[in-house]
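Accompanying notes for the structure given below.
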Amino acid sequence: MSGYYLCRTECAVRPFYIESIGRNIYSLEELCYYFSHYVYLIDESVVNVTLCRWIGTELGLVKLQNRLLRALERETYTEFLSPIFQECGYLDKQEFRLFQEQFTEILTEPEEVRRKMKADYLVEFGRYVIALREYEKITQQQKNGKMGMQFYAAVLENMAAAYAHLFEFEEAADCLWNSYQVMKSKKVYEKYLRILPLFLSEKQYQQRLTQIRADRSDAMELWEDTRALIQEGMEMTEKEKAQKEGAEKEIQSRKDEYLRNTAFGM
1188 MSGYYLCRTE CAVRPFYIES IGRNIYSLEE LCYYFSHYVY LIDESVVNVT LCRWIGTELG
1248 LVKLQNRLLR ALERETYTEF LSPIFQECGY LDKQEFRLFQ EQFTEILTEP EEVRRKMKAD
1308 YLVEFGRYVI ALREYEKITQ QQKNGKMGMQ FYAAVLENMA AAYAHLFEFE EAADCLWNSY
1368 QVMKSKKVYE KYLRILPLFL SEKQYQQRLT QIRADRSDAM ELWEDTRALI QEGMEMTEKE
1428 KAQKEGAEKE IQSRKDEYLR NTAFGM
């Protein structure tokens, strides 16, 4: 769904905090939005007693709370989710049926697939550290895993992106190299060469090119491109800093002028 949605139930004064994505929710409708849009993030970190108590205490839906607590005892996610959607009518019958089908299908997927999708969603929310934990659990099982090499290569590539967001470029490079070793993807190889200048000197970069027997012409072109982007970013930062300082000086100058022309300046 997109756009606005009119809440039919009460909004809480004290929100329920979804730790995995670092977000507060204040209504049943927001909870339904989370469930329906981020199916792979539905787990015990959200479906728990704390959520049930919040629904009963903060939203005043005691009957729903008790029904959900009984569903928790039976450990059935579908039975837990259904009454929440029914309470606020967030989805119509057709939409809810499709949601149930999607959720049921997800439960039959291999654990590694579900874990990767969960981690990918967490990256979207900027929860990079938590996402990395999920990716690492997959890579630890790679030798005994049931998925194909392309799957594990994709996990390592996404893992590199999470590290890069944390400015841990060396770790990101290691992931990209490991991904390349699995699938020999040209795209991943170029990403690897592009990230090296972010933490290696030119001499170290040259040494690495020798180690991996890289085409120096193409590799040095990528080096120059990356260094140019870094320089551009630094210049932009300095420009923004100067503009900010200039704006602050202008504001202070106008304040001083105002004070001089009023009784405060006497």
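Residue numbers (our numbering): 1188 to 1453.
Even for Gly, the Cβ is constructed at its ideal location relative to N, Cα and C.
Quiz item: How would you call N1345, buried or exposed, if buried means at least 16 neighbouring beta carbons within 10 angstroms?
Solution: So N1345 counts as buried.
Exercise. Grab me the residues of S1232's own chain with a C-beta within less than 7 Å of its C-beta, minus the 5 sequence neighbours each way, in chain order.
Key: Short of 7 Å from the beta carbon of S1232, and not among the five residues preceding or following it, lie these beta carbons of its own chain, in chain order: E1206, S1207.
Quiz item: Taking DSSP as the reference, what is the three-state secondary structure of Y1264?
Solution: Reduced to three states, the DSSP call for Y1264 is helix.
Exercise. Give the secondary structure of N1235 by DSSP, where H, G and I count as helix, E and B as strand, and everything else as coil.
Key: DSSP places N1235 in the coil class of the three-state scheme, outside both helix and strand.
Quiz item: To the nearest angstrom, how far is it from the Cα of L1238 to the Cα of F1356?
Solution: Near 38 Å, if we compare the C-alpha coordinates of F1356 and L1238.
Quiz item: Would the segment 1313-1330 and the segment 1372-1384 be scored as touching if the rule is three or more Cβ pairs under 8 Å?
Solution: Judged by Cβ distances under 8 Å, the segment 1313-1330 makes no contact with the segment 1372-1384, as fewer than three pairs qualify.
Quiz item: Just how far apart, CA to CA, sit A1351 and I1325?
Solution: A1351 and I1325: Cα-Cα distance of roughly 19 Å.
Practice problem: Count the other CB atoms, across all protein chains shown, that sit within 10 Å of the CB of I1399; report buried if there are 16 or more and exposed otherwise. | Solution: I1399 should be labelled exposed.
Practice problem: Mind the definition here: the segment 1283-1291 touches the segment 1301-1312 only if three or more C-beta pairs lie below 8 Å; say whether that holds. | Solution: The segment 1283-1291 vs the segment 1301-1312: no contact.
Quiz item: Looking only at C-alpha atoms, which of A1347, T1244, L1268, R1261 sits nearest to S1366?
Solution: Closest by alpha carbon: A1347.
Exercise. Apply the 10 Å Cβ neighbour rule to A1341 and answer buried if 16 or more other Cβ atoms are within range, or exposed otherwise.
Key: Counting of Cβ neighbours within 10 angstroms places A1341 among the buried residues, the total reaching 16 or more.
Self-check item: Per-residue burial, S1388 [other beta carbons within 10 Å of its own, 16 or more giving buried]
Solution: It counts as exposed.
Quiz item: Ordered along the chain, which non-local residues of its own chain (more than five positions away) have a Cβ less than 6 Å from that of V1249?
Solution: Closer than 6 Å at Cβ, skipping near neighbours: G1243.
Quiz item: Is the CB-CB distance between L1215 and C1275 below 8 Å?
Solution: Yes, the Cβ-Cβ distance between L1215 and C1275 is below 8 Å.
Quiz prompt | F1203 Cβ short of 7 Å to the ligand FAD heavy atom set | solution = The ligand FAD is absent from the structure shown, which contains no ligand whatsoever.
Quiz item: Which value, in whole angstroms, describes the spacing of the CA atoms of Y1225 and F1290?
Solution: Taking the Cα positions, Y1225 is about 10 Å away from F1290.
Practice problem: Taking only the alpha-carbon atoms, compute the straight-line gap between L1385 and R1302 and give it to the nearest angstrom. | Solution: Taking the straight line joining both Cα atoms gives about 30 Å.
Quiz item: Within this structure, are the beta carbons of L1353 and Y1315 separated by less than 8 Å?
Solution: Closer than 8 Å, so yes.
Quiz item: Nearest-angstrom Cα distance between Y1213 and R1254?
Solution: Taking C-alpha positions only, Y1213 is separated from R1254 by approximately 20 Å.
Quiz prompt | Buried or exposed by the 16-neighbour rule on C-beta atoms within 10 Å, applied to E1217 | solution = E1217 sits buried, since 16 or more C-beta atoms from the chains shown fall within 10 Å of its C-beta.
Quiz item: Roughly how many angstroms separate the alpha carbons of L1193 and E1377, rounded to a whole number?
Solution: Legend: pLDDT at L1193 = 49, less than 50; position of this residue unreliable, value from coordinates given subsequently. Rounded to whole angstroms, L1193 and E1377 show a C-alpha spacing of 47 Å.
Quiz prompt | DSSP state of Y1213 mapped onto helix, strand, coil | solution = In the structure shown, Y1213 falls within a coil segment according to DSSP collapsed to helix, strand and coil.
Quiz item: In angstroms, rounded to a whole number, what distance separates the CA positions of E1358 and Y1392?
Solution: Taking the straight line from one Cα to the other gives about 16 Å.
Exercise. Within its chain, find whatever has a CB closer than 6 Å to the CB of E1262; leave out the 5 residues flanking it on each side and keep chain order.
Key: Close CB contacts of E1262 within its chain, under the 6 Å cut and outside five residues either way in sequence, are absent.
Quiz item: Would DSSP call Y1277 helix, strand or coil?
Solution: The DSSP-derived three-state label of Y1277 is coil.
Quiz item: In the structure shown, what three-state DSSP assignment does G1190 receive?
Solution: For G1190, the predicted structure reports a pLDDT of 48, less than 50, and the residue's modelled location is therefore unreliable. A value from the coordinates is still provided. If DSSP states are grouped into helix, strand and coil, G1190 belongs with coil.
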